[in-house]
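What follows is a set of notes on a single structure, which appears directly below.
In our numbering, the protein residues as written are 20 to 429.
Set out below in structure tokens:
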């Protein structure tokens, strides 16, 4: 008999991260993930060792938190050093290396919350892990269809109204405020539900721990400019996928620094092309290699949202949230690599030259399959890349045209 897990229904972004977190823990299990509007159903072929999964969750998150502390220690040490110290460059090299780790992605995501809130968020994760130690590890009993009601989760107004109309046996579990980087609400705890004032979303220890794990292992986290913004990008199943396939999608996770603040679509294409695309996954283990043969780009979409700092010294707020179809984007990245087209280098050169409008047109043309728009962007890019001290226009050769015709005209 299959084992079923339902994500709680806190919204598409948080549920996607919880789904990624669960999939990370279930890496050795066979099963299927079904998207249900803003929730997911994970159906396992057989019951796993729940205690082993809980131990794996604790170990993974503790390693991520340790890396976060390593980064903080290096930043504090660098602040105390003089400009002439050779140790400063050594620290910078270490920080660059740590950026593209789960702990580095956590650090960049929490930069948006300010120092005090970041420390509080880390303490909440540690509290959640301690709470989980004392809870039943059987996640099939935790993630039932009525999970959020049983644990008193959700926005305050909605949870109160639901309890008056739905008879569900409540369970006493400590709840936490869902942090903005994983809940992804536009503004601050905004709600589209008429009659309920904007309020924080309360979640259980499992939700908090799994959503942070999901962000750290599945998201591309991009720091932009001189701290003006942070963009978070993740792939989500839009149709039914196997657990092995969603694990494959997690190889798109990365951490990076971009010199400019980019339009959201451009940030998506630029970051995913940098990860290396699907082709590089062929060198991974047999499970991923098998999933590569079966993965269907039409089954995926991309969620992207950006924290923007409105004024120096003021808190960041989420101002842009978008979802893009991934079908053509994933195909384009894969075929570009097959043809030897360095798409990431093209994007980097356009960013370096400040051609943000050209980059945005190229990105949107790839995502939405606009061959004419892509041709216009290539002409503009050719003019830009052929000017200046170094001519980079050779990056735009007939192989790029071949990929565009194959992918964007179908």
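Cβ atoms here follow ideal geometry from the backbone N, Cα and C, with glycine treated the same way.
Local Cβ density within 10 Å of residue i, reported as buried at 16 or more and exposed below that
i	result
residue 174	buried
residue 31	buried
residue 21	exposed
residue 111	exposed
residue 201	buried
residue 245	exposed
residue 350	buried
residue 55	exposed
residue 292	buried
residue 168	buried
residue 100	exposed
residue 94	exposed
residue 363	buried
residue 39	buried
Straight-line gap, residue i to residue j (C-alpha atoms, nearest Å)
i	j	result
residue 124	residue 235	6 angstroms
residue 219	residue 204	10 angstroms
residue 271	residue 353	13 angstroms
residue 102	residue 274	26 angstroms
residue 377	residue 347	19 angstroms
residue 339	residue 196	22 angstroms
residue 382	residue 410	22 angstroms
residue 158	residue 138	28 angstroms
residue 131	residue 336	8 angstroms
residue 128	residue 389	33 angstroms
residue 366	residue 373	11 angstroms
residue 360	residue 255	26 angstroms
residue 342	residue 36	15 angstroms
residue 298	residue 268	Summary for residue 298: the model assigns pLDDT 38, below 50, so the residue's position carries little reliability; its value from the coordinates is reported in the next sentence. So the two alpha carbons sit approximately 12 angstroms from each other.
residue 395	residue 420	12 angstroms
residue 46	residue 227	20 angstroms
Simplified DSSP assignment, three categories, for residue i
i	result
residue 359	coil
residue 100	coil
residue 48	coil
residue 405	coil
residue 273	strand
residue 192	coil
residue 156	coil
residue 67	coil
residue 327	strand
residue 257	coil
residue 379	helix
residue 147	helix
residue 27	coil
residue 336	strand
residue 122	helix
Contact check, residue i vs residue j, beta carbons under 8 angstroms
i	j	result
residue 318	residue 258	yes
residue 162	residue 126	no
residue 266	residue 42	yes
residue 164	residue 285	no
residue 27	residue 146	no
residue 369	residue 323	no
residue 393	residue 386	no
residue 422	residue 355	yes
residue 156	residue 193	no
residue 49	residue 64	yes
residue 290	residue 241	yes
residue 118	residue 276	yes
residue 334	residue 105	no
Best match in the options for proximity to residue i [C-alpha to C-alpha]
i	options	result
residue 60	375, 411, 347, 262	262
residue 29	53, 58, 48	58
residue 344	50, 248, 287	287
residue 413	400, 390, 81, 242	400
residue 238	229, 252, 248, 227	252
residue 278	264, 249, 260, 268	249
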